[in-house]
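S.K.: My numbering numbers the first residue of the sequence shown as 18 and each following residue consecutively.
All residues carry an ideal CB built from backbone N, CA and C; glycine is no exception.
Keep in mind the model is a prediction, meaning the values are calculated, not measured.
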Amino acid sequence: MPANKEHTEATPSSLAVAAGEYLDYLAVERGLARNTIAAYRRDLTTYCAYLERAGIMSFDEVTRQVVEGFVADRRDGGYSDASVERALAAVKGLHAFLVRDGIVAQNPTAALRLPKKAERLPEYLSVEDVSALLDQDFPEGEMGLRDHAILEVLYGCGLRVSELVGLDVGDIHIDDGFVLVRGKGSKERLSPLVGSAARALTRYITKGRSRLAAHAHGTETSAVFLNKNGRRLSRQASMPSVSATGARWGWWDSIPIRCVTPLPPICLRAVQTSVCYRRSWVMPIYRPRRSTRMSIVRN
């Protein structure tokens, strides 16, 4: 009979346990996006490790100087301003949560201010450039129909790539002229679906999607945009095919960003006014913290 071996499992520190409770709060009660939670988890894991290296085993021992030292450590490590700002935001949120829950008495980050981030306007395409891009000949078959619909919907509906690949068939309301979009933080909004975007999406759904879905070998999916295996197209997988469309135009890396351009005021001369457009035009079901910019709708 083999001898019994003792296994020593590392017990999470009190710092890690408290940070985990905060992350659970963000996920369950605040409903933050999965990627946001993952980024905060990385930042707080690094923060807890920094505190432990400094000999701090309880959040009661953290002072403002300690937090400032953590921020300086991140900057000295070569992290970008955006990464440092996000890490500080995670730390500030954690300490505020600990005070609200009565775990600690003082918030050492209360007087700390997030660095002011420079606003940078995105580059965008002119109406003429977009028309030239979308009016080109796309490859025959279901993949060409899909890629054409992707670009038309990205531009015409003003969606982020993550929003586009997250669309389900039940979110598409072509007859009513809108699409239900689920954005950051589980926020929902209605976006107009008209003109060439509606036509391209209709062609893809009726002629291309069923062919792609047949490759799933009996596995059904509600996703609108499918990959060659009949499963939901991922954000990463959508980039090469979409970017390749614009390679000959010199827009290889920036098509998805350039396609999400401000809708007003040019749309006023590009789209005929109707009650449907006014009702669905960036009208959130749950108001987002920042308004989502959208692009011109092509007739």
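Could you give the DSSP three-state label for D185: helix, strand or coil?
M.R.: In the sequence shown, residue 185 corresponds to position 168, counting from 1. Strand, per DSSP.
S.K.: Would you grab the beta carbon distance between R91 and A71 for me? Rounded to a whole angstrom, and I think it's under 8 Å.
M.R.: Along the sequence shown, one-based indexing puts residue 91 at 74. Along the sequence shown, one-based indexing puts residue 71 at 54. Actually they do not touch by this definition, with Cβ atoms about 14 Å apart.
S.K.: Can you give me the start and stop residues for the beta strand (DSSP E) that E145 sits inside?
M.R.: The sequence position of residue 145 within the sequence shown is 128, counting from 1. Where E145 is concerned, there is no enclosing beta strand (DSSP E), although the alpha helix (DSSP H) it sits in stretches over 144–151.
S.K.: Using only the alpha-carbon positions, how far apart do K317 and L218 sit?
M.R.: This structure does not reach residue 317, given that the chain is present from 18 up to 316, and the question cannot be answered.
S.K.: In the region 36–84, which residue ranges form an unbroken alpha helix (DSSP H) of at least 4 residues, counting only runs that do not cross its ends?
M.R.: If we require 4 residues or more, the alpha helix (DSSP H) runs fully inside the region 36–84 come out as 51–70.
S.K.: Between K109 and the rest of its own chain, which residues show a CB-CB distance below 6 Å, the 5 nearest in sequence each way excluded?
M.R.: Taking the sequence shown and counting its residues from 1, one reaches residue 109 at position 92. Cβ neighbours of K109 beyond the five flanking positions: T126.
S.K.: T238 to S227, Cα distance in whole Å?
M.R.: As a position in the sequence shown, residue 238 is number 221, starting the count at 1. As a position in the sequence shown, residue 227 is number 210, starting the count at 1. About 11 Å.
S.K.: Between D193 and the ligand GDP, is there a pair consisting of the residue's CB and a ligand heavy atom that are separated by less than 6 Å?
M.R.: No copy of the ligand GDP occurs in the structure displayed, which carries no ligand at all.
S.K.: Rank V147, V198, R51, G247 by C-alpha distance to the C-alpha of H232 and give the top, closest one.
M.R.: For the purposes of this step, residue 232 is identified with residue 215 of the sequence shown, where counting begins at 1. Ranking the options by Cα distance to H232, first place goes to G247.
S.K.: Which one or two residues does DSSP pair with H190 in a beta bridge?
M.R.: Translated into positions along the sequence shown, residue 190 becomes position 173. F195.
S.K.: Select from Y221, L171, R216, A113 the residue whose C-alpha is nearest the C-alpha of G158.
M.R.: Counted from its first residue, the sequence shown places residue 158 at position 141. G158 has its Cα closest to that of Y221, out of Y221, L171, R216, A113.
S.K.: Let me know if L171 comes out buried or exposed under the rule of 16 or more other beta-carbons within 10 Å of its beta-carbon.
M.R.: By 1-based counting over the sequence shown, the position of residue 171 is 154. When all chains shown are included, L171 counts as buried.
S.K.: Select from D152, R58, F87 the residue whose C-alpha is nearest the C-alpha of A44.
M.R.: Start at 1 with the first residue of the sequence shown, and residue 44 comes out as number 27. The option with the nearest alpha carbon to A44 is R58.
S.K.: For V186, count neighbouring C-beta atoms within 10 Å of its own C-beta (all shown protein chains included) and say buried if the count is 16 or more, exposed if not.
M.R.: The residue labelled residue 186 in the question sits at position 169 within the sequence shown. V186 is exposed by the Cβ-count criterion.
S.K.: Express the C-alpha separation of I191 and N52 in angstroms, rounding to a whole number.
M.R.: Indexing the sequence shown from 1 puts residue 52 at position 35. Indexing the sequence shown from 1 puts residue 191 at position 174. Going by C-alpha positions, N52 is about 30 Å away from I191.
S.K.: Considering only the beta carbon of each residue, do V182 and L250 sit closer than 7 Å?
M.R.: Position 165 of the sequence shown, counted from the start, is the residue given in the question as residue 182. Position 233 of the sequence shown, counted from the start, is the residue given in the question as residue 250. Less than 7 Å separates the beta-carbon of V182 from that of L250.
S.K.: Return the chain-ordered list of same chain residues with a C-beta closer than 6 Å to the C-beta of D77, the five sequence neighbours on each side being excluded.
M.R.: For this step, residue 77 is matched to residue 60 along the sequence shown. Within the same chain, D77 has close Cβ partners V121.
S.K.: Could you check the C-alpha separation between L168 and A50 for me, to the nearest Å?
M.R.: Indexing the sequence shown from 1 puts residue 168 at position 151. Indexing the sequence shown from 1 puts residue 50 at position 33. When rounded, the distance between both Cα atoms is 24 Å.
S.K.: Tell me, to the nearest whole angstrom, how far the beta carbon of R252 is from that of S179; I am working on the premise that it is less than 8 Å.
M.R.: Counted from its first residue, the sequence shown places residue 252 at position 235. Counted from its first residue, the sequence shown places residue 179 at position 162. So it is a contact: roughly 5 Å between Cβ atoms.
S.K.: When you compare only the Cα positions, how much space is there between L207 and S213?
M.R.: Looking up residue 207 in the sequence shown gives position 190. Looking up residue 213 in the sequence shown gives position 196. If I take the Cα positions, the gap works out to 18 Å.
S.K.: Considering S208, what are the terminal residues of the beta strand (DSSP E) in which it resides?
M.R.: The residue you call residue 208 lines up with position 191 of the sequence shown. Its beta strand (DSSP E) spans residues 205–209.
S.K.: From the DSSP secondary-structure annotation, give me the bridge partner or partners of R249.
M.R.: Against the sequence shown, residue 249 aligns to sequence position 232. R249 is bridged to L243.
S.K.: Do you know how far the Cα of L184 is from the Cα of A107?
M.R.: Here residue 107 refers to the residue found at position 90 when the sequence shown is read from its first residue. Here residue 184 refers to the residue found at position 167 when the sequence shown is read from its first residue. Distance between the alpha carbons of A107 and L184 is about 29 Å.
S.K.: If you draw a straight line from the C-alpha of H165 to the C-alpha of M74, how long is it?
M.R.: Residue 165 sits at position 148 when you count from the first residue of the sequence shown. Residue 74 sits at position 57 when you count from the first residue of the sequence shown. In a straight line, the C-alpha of H165 is about 55 Å away from that of M74.
S.K.: What separation, rounded to the nearest whole angstrom, lies between the Cα atoms of L162 and Y39?
M.R.: Here residue 162 is taken as the residue at index 145 of the sequence shown, counted from 1. Here residue 39 is taken as the residue at index 22 of the sequence shown, counted from 1. Between L162 and Y39, the C-alpha separation is close to 44 Å.
S.K.: To the nearest whole angstrom, what separates the beta carbons of L131 and E102, a pair I think is in contact under 8 Å?
M.R.: Here residue 131 corresponds to residue number 114 of the sequence shown, with the count starting at 1. Here residue 102 corresponds to residue number 85 of the sequence shown, with the count starting at 1. Yes, they are in contact, since the Cβ atoms of L131 and E102 sit about 6 Å apart, within 8 Å.
S.K.: For A66, is the classification buried or exposed, using 16 other Cβ atoms within 10 angstroms of its Cβ as the cut-off for buried?
M.R.: Position 49 of the sequence shown holds residue 66. Under this definition A66 is an exposed residue.
S.K.: Which residue from G194, A149, D41 puts its Cα closest to that of A215?
M.R.: As a position in the sequence shown, residue 215 is number 198, starting the count at 1. Looking at the Cα atoms, G194 is the closest of the given residues.
S.K.: Run through DSSP, which three-state label would S175 get?
M.R.: Taking the first residue of the sequence shown as position 1, residue 175 is located at position 158. Contrary to the premise, residue 175 reads as Gly rather than Ser in this sequence. In the structure shown, G175 sits in coil (DSSP, three-state: anything other than H, G, I, E or B).
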